[in-house]
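As structure tokens, the structure follows; a few thoughts come after it.
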Amino acid sequence: MQKPSGPNTLIHLLHRESGKNTRLSFRQHLFGERLKVANNLYRKDLVSHTGCVNAIEFSRDGEYMASGGDDRNILLWHLETALAEKQKPCRMKSQHLSNIFCLGFNSNNTRIFSGGNDDTVIVHDVSSGETIDVFTHTKPVYGLSIDSTNEQIFATACEDGKLLIFDLRLSTEVLNVAKCRAPFHAVMFHPLDGSFLVSGNAKEGASLWDLRRPKTPTIRYGFREDTSQSCMSVRFNTLGNHILALRRRLPQFCTTPFLRIPFANSTIPTTTTPAP
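Per our numbering, the very first residue in the sequence shown carries number 4; after that it's consecutive.
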């Protein structure tokens with residue numbers, strides 16, 4: 004029989020009664036022993052995909068999670084039942100023709116948006132799994148974001164260096180926010196003000212955009228002409244008062260949207276476009 008790795012909880016209780024350990028040490032030992040025997044307290048493997056998983060996205064209320072990857076399938080997980088192994092995920096009926104790179108929920112969890120290497124964004128109905136609409140691009144779609152203030156609007160970040168805005172009601176009309184030589188890897192609308200979005204570009208790094216004045220970013224965080232600031236992911240927090248950016252071979256940084264110097268990495272300069 005395997006020898007216990009340390010004193011058990013009963014011994015800790017006896018020591019506490021006899022005054023041999025303090026309240027703090029008892030608490031540390033108690034939780035330490037709990038963690039030693041816990042196999043799934045903080046982690047659960049959700050297994051259903053048959054290829055690499057490239058994208059996951061949680062619904063705003065945390066009830067659902069969508070996942071997609073190299074098997075070209077979009078799976079919808081109800082987290083409570085999935086973690087308890089009581090229910091398998093639902094599979095959306097439409098498959099992409101190639102790898103899936105990004106996902107998103109609308110605000111009331113009735114639609115899932117998926118984009119990928121097949122140059123398309125597919126809008127799926129959550130309840131039926133059917134396809135609502137398909138939006139064709141000229142190159143792969145690396146990131147997307149749905150405007151939480153107007154769920155008919157979504158943005159995409161593309162390999163061809165474009166940031167595009169689509170309206171579900173006007174599928175043929177597209178607003179081109181930006182055109183860069185390097186690919187955009189990420190995009191996200193401000194959670195409280197749909198006039199602003201933040202992007203991550205392979206060369207120019209993270210930028211803040213005002214959709215009322217497209218083509219030129221309002222702020223470029225860390226941009227330098229002589230150095231690539233490759234940004235792979237960028238996100239607002241829930242209130243929209245912080246931005247976190249992850250960069251290739253450079254430290255990540257955190258800032259507020261209109262702060263000239265990111266407070267979590269004060270060595271990064273920024274450039275600001277003056278108001279007209």
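We put the CB at the ideal spot given by N, CA and C, even for glycine. Keep in mind the model is a prediction, meaning the values are calculated, not measured.
Nearest-angstrom beta carbon gap, residue j and residue i [assumed within contact, 8 Å]
i, j, result
"residue 132", "residue 183", "Residue 132 to residue 183, Cβ: 36 Å. No contact."
"residue 257", "residue 247", "5 Å"
"residue 188", "residue 158", "The pair is not a contact, with the Cβ atoms about 13 Å apart (cut-off 8 Å)."
"residue 155", "residue 171", "5 Å"
Beta-carbon spacing of residue i, residue j below 9 Å
i, j, result
"residue 198", "residue 213", "yes"
"residue 119", "residue 144", "yes"
"residue 140", "residue 126", "no"
"residue 252", "residue 208", "no"
"residue 56", "residue 71", "yes"
"residue 101", "residue 121", "yes"
Euclidean distance between Cα positions of residue i and residue j
i, j, result
"residue 270", "residue 242", "Any reading at residue 270 needs caution, since the residue's pLDDT is 48, under 50, leaving its predicted position unreliable; the model's value is listed next. About 25 Å."
"residue 75", "residue 103", "6 Å"
"residue 223", "residue 262", "11 Å"
"residue 280", "residue 238", "Missing from the structure shown is residue 280; the chain here goes from 4 to 279 and no further."
"residue 60", "residue 105", "8 Å"
"residue 255", "residue 232", "11 Å"
"residue 116", "residue 109", "8 Å"
"residue 196", "residue 152", "7 Å"
"residue 225", "residue 191", "18 Å"
"residue 79", "residue 244", "30 Å"
"residue 277", "residue 162", "Low per-residue confidence applies at residue 277: pLDDT is 49, beneath 50, and the placement is therefore not dependable, though the value from the model is reported in the following sentence. Approximately 28 Å between the Cα atoms of the pair."
"residue 260", "residue 194", "12 Å"
"residue 95", "residue 167", "25 Å"
"residue 53", "residue 176", "36 Å"
"residue 99", "residue 236", "22 Å"
"residue 142", "residue 107", "19 Å"
"residue 4", "residue 62", "Note that residue 4 scores a pLDDT of 46, beneath 50, so its modelled location is shaky and nothing firm can be said."
"residue 66", "residue 240", "18 Å"
"residue 90", "residue 73", "23 Å"
Opposing strand residues paired with residue i [DSSP bridges]
i, result
"residue 258", "246"
"residue 154", "Answer is none; residue 154 lacks a bridge partner."
"residue 114", "128"
"residue 67", "81"
"residue 213", "199"
"residue 166", "160 and 181"
"residue 60", "69"
"residue 189", "203"
"residue 239", "246"
Closest Cα partner of residue i within the set the options
i, options, result
"residue 46", "73, 169, 85 and 110", "85"
"residue 180", "221, 171 and 134", "221"
"residue 165", "174, 218 and 195", "218"
"residue 48", "88, 210 and 57", "88"
"residue 215", "206, 112 and 200", "200"
"residue 82", "96, 97, 64 and 73", "64"
"residue 169", "186, 150 and 163", "150"
"residue 112", "185, 129 and 206", "129"
"residue 134", "185, 77, 167 and 176", "77"
"residue 185", "173, 175, 205 and 174", "205"
"residue 58", "114, 91 and 146", "146"
"residue 114", "90, 68 and 73", "68"
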